[in-house]
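Okay, structure first, notes after.
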Amino acid sequence: MIIDLRSDTVTKPTKEMLDAMLSADVGDDVYKEDPSVNELEERLAKMFGKDMALFFPTGSMANQAALKLHTNPGEQVICDKYAHIYNYEGGGASFNSGISCKLINGHRGMFTAEQAEASINPPDFYHSPLTSLIAIENTTNKGGGACWDFEELQRIRKVADKHNLGYHLDGARLWNALIAKGESPKQYGELFDTISVCLSKGLGCPMGSVLIGDNELMQNAIRIRKIFGGGMRQVGYMAAAGLYALENHIDRLTEDHKKAIEIGETLSELSLIKKVEPLETNIIIFELNDRVGENDFIEKLNANNIFIIGMGSNKLRMVTHIDYTDEMHNKLITTLRNI
Ligand SMILES: *Cc1c(COP(=O)(O)O)cnc(C)c1O
Numbered sequence: 012m013i014i015d016l017r018s019d020t021v022t023k024p025t026k027e028m029l030d031a032m033l034s035a036d037v038g039d040d041v042y043k044e045d046p047s048v049n050e051l052e053e054r055l056a057k058m059f060g061k062d063m064a065l066f067f068p069t070g071s072m073a074n075q076a077a078l079k080l081h082t083n084p085g086e087q088v089i090c091d092k093y094a095h096i097y098n099y100e101g102g103g104a105s106f107n108s109g110i111s112c113k114l115i116n117g118h119r120g121m122f123t124a125e126q127a128e129a130s131i132n133p134p135d136f137y138h139s140p141l142t143s144l145i146a147i148e149n150t151t152n153k154g155g156g157a158c159w160d161f162e163e164l165q166r167i168r169k170v171a172d173k174h175n176l177g178y179h180l181d182g183a184r185l186w187n188a189l190i191a192k193g194e195s196p197k198q199y200g201e202l203f204d205t206i207s208v209c210l211s212k213g214l215g216c217p218m219g220s221v222l223i224g225d226n227e228l229m230q231n232a233i234r235i236r237k238i239f240g241g242g243m244r245q246v247g248y249m250a251a252a253g254l255y256a257l258e259n260h261i262d263r264l265t266e267d268h269k270k271a272i273e274i275g276e277t278l279s280e281l282s283l284i285k286k287v288e289p290l291e292t293n294i295i296i297f298e299l300n301d302r303v304g305e306n307d308f309i310e311k312l313n314a315n316n317i318f319i320i321g322m323g324s325n326k327l328r329m330v331t332h333i334d335y336t337d338e339m340h341n342k343l344i345t346t347l348r349n350i
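Pasting the structure below:
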């Protein structure tokens with residue numbers, strides 16, 4: 012039994028999901044003739060109360076397309092220093108859109124409306140880049156699966172409106188936030204101009220992300236996706252996995268959250284561990300005591316067929332997911348207690 016907690020991207024489709032994929036009705040999606048992709052896009056647009064949605068191969072590509080839709084070369088996006096768009100998309104903001112990131116020194120990947128407003132460059136001061144976009148991440152990845160306070164997001168919307176800025180949500184794990192906080196997709200659709208959501212993380216699909224927005228901004232999204240090399244053909248097999256997951260894999264995220272909290276409680280009882288970050292969803296970030304080597308700890312787990320990742324500075328991460336069973340959970344808890 013291999014217990015892989017490196018990420019919630021390591022999951023494989025369930026038999027039921029594979030069945031849904033195999034029986035999918037497909038066509039050439041570059042001609043917009045794939046009924047399953049069209050259905051997935053319509054379903055998500057409706058769910059978020061927006062005009063349209065577009066299927067992308069990856070979350071990075073969906074975010075990068077959003078940056079391109081909102082900005083012109085030379086401009087600047089405001090985001091947290093932990094943001095995925097800044098840290099983990101290969102420098103795509105500068106490569107694809109020719110923009111820079113103004114980083115906010117937030118808390119667990121989140122910041123306040125005041126911090127956002129203070130980061131806007133005065134538009135008449137032509138020496139500095141023109142600020143055109145604020146980007147949020149919910150839940151925060153590097154911030155340990157933290158969920159934003161919705162009221163803060165509303166206050167940031169007001170800042171964006173006042174200064175005529177776009178407002179993008181990287182919602183790779185938005186499903187986890189919706190479940191943890193009892194929020195609805197429509198609330199987010201009302202607030203943001205564009206939203207990217209991942210199907211390949213908590214929802215357990217083999218691939219796929221969707222960018223959602225209103226026609227005015229999104230009309231150019233299909234061209235940008237083509238330029239990025241993301242126009243796909245009979246990709247309805249993957250969209251069918253997404254449709255299946257939207258029906259069957261959202262509510263069960265509570266199980267992942269429950270297990271994560273139990274792991275966090277176990278870890279916080281161990282003398283080897285200095286600190287466990289507050290737990291809200293499915294990401295557990297913890298710090299080892301200074302005398303405990305990160306590699307020693309990881310190797311000890313590996314010897315028990317348990318795999319996690321290091322995040323640098325003696326911090327480690329575990330992520331619970333649909334393929335992490337009760338049996339695995341019991342074994343992990345026992346192993347941790349005896350380490
Ligand atoms: C995983 C992730 C993405 C997208 O990643 P891909 O691997 O490109 O699908 C985007 N944002 C956040 C916060 C993520 O965790």
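The working numbering numbers the first residue of the sequence shown as 12 and each following residue consecutively. Virtual Cβ for every residue (Gly too), placed ideally from N, Cα, C.
Take the Cβ of residue i as the centre, count every other Cβ of all protein chains shown within 10 Å, and call the residue buried at 16 or more, exposed below.
| i | result |
| --- | --- |
| A314 | exposed |
| H95 | buried |
| H138 | exposed |
| R119 | buried |
| A256 | buried |
| K197 | exposed |
| N293 | buried |
| K61 | buried |
| S282 | exposed |
| A129 | exposed |
| P134 | exposed |
| N231 | exposed |
| R263 | exposed |
| F136 | exposed |
Let me know the secondary structure DSSP gives residue i once reduced to three states.
| i | result |
| --- | --- |
| K23 | coil |
| K153 | coil |
| Q87 | strand |
| M243 | coil |
| E258 | helix |
| F161 | helix |
| V208 | strand |
| D267 | helix |
| S108 | helix |
| T81 | A small correction: the amino acid at residue 81 is His; Thr does not occupy that position in the sequence shown. If DSSP states are grouped into helix, strand and coil, H81 belongs with the helices. |
| D337 | helix |
| D15 | strand |
| L327 | strand |
Who are the Cβ neighbours of residue i in its own chain at under 8 Å, not counting the five residues just before and after it?
| i | result |
| --- | --- |
| L78 | V88, I96, G103, A104, N107, S108, I110, L144, A146, H179 |
| D334 | D15, V21, T22, K23, G215 |
| S195 | L189 |
| T25 | G215, I333 |
Suppose the cutoff is 6 Å on Cβ atoms and the five residues either side in sequence are ignored; what does the same chain contact list for residue i look like?
| i | result |
| --- | --- |
| P84 | G109 |
| L254 | L51 |
| T346 | N315 |
| G154 | Y93, R119, G120 |
Kindly list the residues whose CB is nearer than 7 Å to the CB of residue i, restricted to its own chain and excluding five residues on each side of it in sequence; keep chain order.
| i | result |
| --- | --- |
| I233 | L65 |
| P140 | G85, E86, Q87, S111, N132 |
Task: the stretch 22 to 39 / the stretch 197 to 209 touching (three or more Cβ pairs under 8 Å) - done: no
- [ ] For the stretch 321 to 333 and the stretch 296 to 304, state whether three or more C-beta atom pairs, one from each stretch, are separated by less than 8 Å.
- [x] yes
- [ ] Taking 8 Å as the threshold, find out whether the stretch 164 to 184 comes into contact with the stretch 237 to 249 through three or more Cβ pairs.
- [x] no
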